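K.L.:
The numbering used here puts the first residue of the sequence shown at 359, with every later residue one more than the last.
First the structure, which I've put down as structure tokens, then a few questions once you've had a look.
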Amino acid sequence: MAVTVVRDVETGLDASTSDRDGDAGDNPSWFTPKRLLVMFCIINMLNYIDRGAIASNGVNGTRKSCSGGTCTSGSGIQGDFDLNNLEDGTLSSAFMVGLLVSSLIFACLVKRYNPFRLIGVGLLVWTIATAGCGVSFDFWSITICRMFVGVGEASFISLAAPFIDDNAPVAQKTAWLGMFYMCIPTGIALGYVYGGLVGKYLNWRVAFWGESILMVPFVILGFVIKPLDLKGFAHNTGKEYGQMLNPEVQDQINNNGTKNVLPSRIEDLSGKVRQNFSLSSFCHVLMTEIGRFSKDMKQLLQEKVFVIVVLGYISYNFVIGAYSYWGPKAGQEIYNMASADIMFGGITIVCGIVGTLAGGFILDKIGSTIPNAFKLLSGATFVGAIFCFGAFCFKSLYGFIPSFAVGELSVFATQAPVNFVCLHAVKPHLRPLAMAVSTVSIHIFGDVPSSPLVGLLQDKINNWRETALILTSILFAAVVFWFIGIFVPSVDRFNEESEYGLTAAERSSIRPLLGENEPRTSD
């Protein structure tokens with residue numbers, strides 16, 4: 359009888375759109391795995407261009423200063439709003455406040471609403487918020503806008519990687535993840551250059567407006583193209599519309615109810631929704647969702663492999679986050695770099711692209727298993743930590759550049775393997791939550807505190823070389839955690855059946871994104 363409910367939803371609610379959307383199980387006409395990868399890579403790069411731009415000397419600028427009776431007005435955000443280093447470092451992490459809260463919310467909403475549409479909603483918020491940064495008038499106004507940038511980014515970072523993992527060729531999964539995460543260092547590096555040039559020749563506010571305009575086409579696509587589904591979840595047309603409107607309808611469908619609760623006409627349905635929706639039903643749904651979230655979190659945190667990989671990732675991100683924000687300024691102060699933005703941007707973009715792609719391809723070559731991923735993580739991070747630490751010991755710029763480049767090359771080789779472990783150490787239906795928890799953890803314990811703490815440390819010791827050496831030494835903590843992971847028993851859970859959120863009717867109607875009898879093609 360549950361099948362009857364689903365059919366009634368499709369015929370009653372979606373009759374007017376059946377010509378447009380077709381069978382809910384069919385692949386969207388726009389879809390190929392490569393198109394999905396390219397689209398997500400561009401969006402990811404725009405996210406990190408924003409992070410690089412706000413850290414660039416052109417956008418971030420310099421604070422006001424007075425020496426020998428002569429005062430300079432400063433430049434960029436720091437100069438316009440007269441920020442000290444602690445406030446400036448806090449600004450770089452402000453968007454994390456929105457991201458930390460919203461990541462977990464989006465991970466829960468994916469069980470109710472189509473994840474592709476949720477990405478569209480997040481990109482819309484991101485676009486509006488970045489435009490708002492360009493019209494901010496003081497520290498607090500730009501801080502609030504940065505928080506909403508985090509809200510917008512949350513849906514994408516929680517859901518994009520599982521989509522890619524679902525649709526990548528089996529023998530190239532880590533390489534595809536490497537291509538996606540390659541956009542992080544590439545985006546930050548382009549952001550340094552973009553922010554430096556725009557801030558120098560136009561105005562720092564224009565940099566934010568440019569980012570917002572570039573994201574608009576992807577916002578539109580997120581709402582108008584036929585969405586995809588994730589492995590472990592079923593979002594048929596009936597659930598997308600009917601359950602959004604009426605929580606009681608959702609409960610009856612989820613529990614395989616035997617009664618046809620949907621009226622035959624949309625007008626009758628809307629009236630019934632108004633009648634049935636009440637505070638008690640809302641509280642019932644809320645408590646149900648909280649219970650499900652608690653159950654999922656307990657199951658996730660019992661995965662020792664996941665916990666260990668995230669602990670190492672936190673240490674890693676503490677260093678990388680501070681590097682990305684304070685790197686240009688530290689390089690300028692230590693080595694008197696004439697164009698620190700372009701120098702750090704150039705090193706990061708080359709090493710980021712080569713290192714991240716190499717990490718993915720190497721893991722695929724030696725075998726994409728969790729123990730092999732931990733071996734690559736610990737080895738690459740150890741080499742990277744040695745060379746980055748040594749780089750800041752050089753007095754000469756000519757010694758610093760090659761040593762730091764080798765260090766960054768090794769450090770960035772971890773991006774694909776670490777996310778491979780996060781995705782494959784848990785069951786399919788837990789992947790969005792795993793990515794959200796990983797993201798929340800590496801930010802709330804990693805780069806959120808690292809930027810202001812490094813700024814505070816620099817204010818105290820007033821020596822950028824010592825500050826950089828202290829920061830770099832934290833990479834060795836990541837090496838220890840990931841080395842331990844090699845010896846922890848692990849199971850790749852990617853192909854395990856999802857036990858959550860799928861009724862018998864839904865399981866019977868699920869069709870893989872690429873049909874089971876169809877070969878996976880790369881285009």
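We put the CB at the ideal spot given by N, CA and C, even for glycine.
Quick caveat: nothing in here was measured; it's all calculated off a predicted structure.
1. With burial defined as no fewer than 16 other Cβ atoms inside 10 Å of the residue's Cβ, what is the status of S819: buried or exposed?
2. Classify P760: buried if its beta carbon has 16 or more other beta carbons within 10 angstroms, exposed otherwise.
3. In terms of DSSP beta bridges, what is S433 paired with?
4. For N442, count the other beta carbons within 10 Å of its own beta carbon; 16 or more makes it buried, fewer makes it exposed. Which is it?
5. Measuring only the C-alpha atoms, how far is I720 from S726?
6. Do the stretch 731 to 749 and the stretch 684 to 694 touch if we need at least three Cβ pairs shorter than 8 Å?
7. Determine the DSSP secondary structure at Q608, reduced to helix, strand or coil.
8. Report the three-state DSSP secondary structure of T428 (helix, strand or coil).
9. If you measure between the beta carbons of P391 and P790, is that distance less than 8 Å?
10. Given this structure, state the Cα-to-Cα distance separating Y559 from A411, to the nearest angstrom.
11. Going by the CB atoms, is the gap between T544 and M403 shorter than 8 Å?
12. Return the first residue and the last residue of the alpha helix (DSSP H) that Q690 is part of.
13. Please name the residue, chosen from D817, V528, G434, that lies closest to V564 on a Cα-to-Cα basis.
14. Considering S494, what are the terminal residues of the alpha helix (DSSP H) in which it resides?
15. For N525, name the three-state secondary structure that DSSP assigns.
16. Does F702 come out as helix, strand or coil in the three-state DSSP assignment?
17. Just to confirm, is the Cβ distance from T739 to V837 under 8 Å?
18. With DSSP collapsed to three states, give me the class of V798.
19. For the stretch 790 to 807 against the stretch 665 to 675, are there 3 or more C-beta pairs whose distance is under 8 Å?
20. With a cut-off of 8 Å, do at least 3 Cβ pairs link the stretch 804 to 811 to the stretch 550 to 559?
21. Below 8 Å between beta carbons: does that hold for V779 and I705?
22. Using CA coordinates, which residue listed in Y671, D524, E691 is at the minimum distance from D587?
23. With DSSP collapsed to three states, give me the class of T714.
24. Pick out whichever of A526, I844, W484 has its Cα sitting closest to the Cα of V396.
25. Please classify K723: does DSSP put it in a helix, a strand, or coil?
26. Can you check which of these residues, M645, F841, S570, is closest to L735 by C-alpha distance?
27. Does L767 pass the burial test, meaning 16 or more other C-beta atoms within 10 Å, or should it be called exposed?
28. Taking the alpha carbon of E445 as the point to measure from, which residue in N821, P810, F852 has its own alpha carbon closest?
29. Buried or exposed: where does Y641 fall if 16 or more other Cβ atoms within 10 Å of its Cβ makes it buried?
P.N.:
Here's the rundown:
1. According to the sequence provided, residue 819 is Ile. The question's Ser does not apply to it. By the neighbour-count rule (16 or more Cβ atoms within 10 Å), I819 is not buried but exposed.
2. exposed
3. Answer is T420, bridged to S433.
4. exposed
5. 9 Å
6. no
7. In this predicted model, Q608 has a pLDDT of only 43, less than 50, meaning its place in the structure is not dependable; the value taken from the coordinates is given anyway. Helix.
8. strand
9. no
10. So the two alpha carbons sit approximately 14 Å from each other.
11. Yes. Within cutoff.
12. 662 to 693
13. G434
14. Note, S494: premise wrong, no alpha helix (DSSP H); not H, not E.
15. N525 carries a helical assignment under DSSP once its states are collapsed to helix, strand and coil.
16. helix
17. yes
18. DSSP places V798 in helix when its eight states are reduced to three.
19. Between the stretch 790 to 807 and the stretch 665 to 675 there are three or more inter-stretch CB-CB distances shorter than 8 Å, so the stretches are counted as touching.
20. no
21. No.
22. D524
23. DSSP, read as helix, strand or coil, puts T714 in helix.
24. A526
25. helix
26. The shortest Cα separation from L735 among M645, F841, S570 belongs to F841.
27. buried
28. P810
29. Checking the displayed sequence, the identity of residue 641 turns out to be Cys instead of Tyr. Counting Cβ neighbours within 10 Å, C641 comes out exposed, since fewer than 16 surround it.
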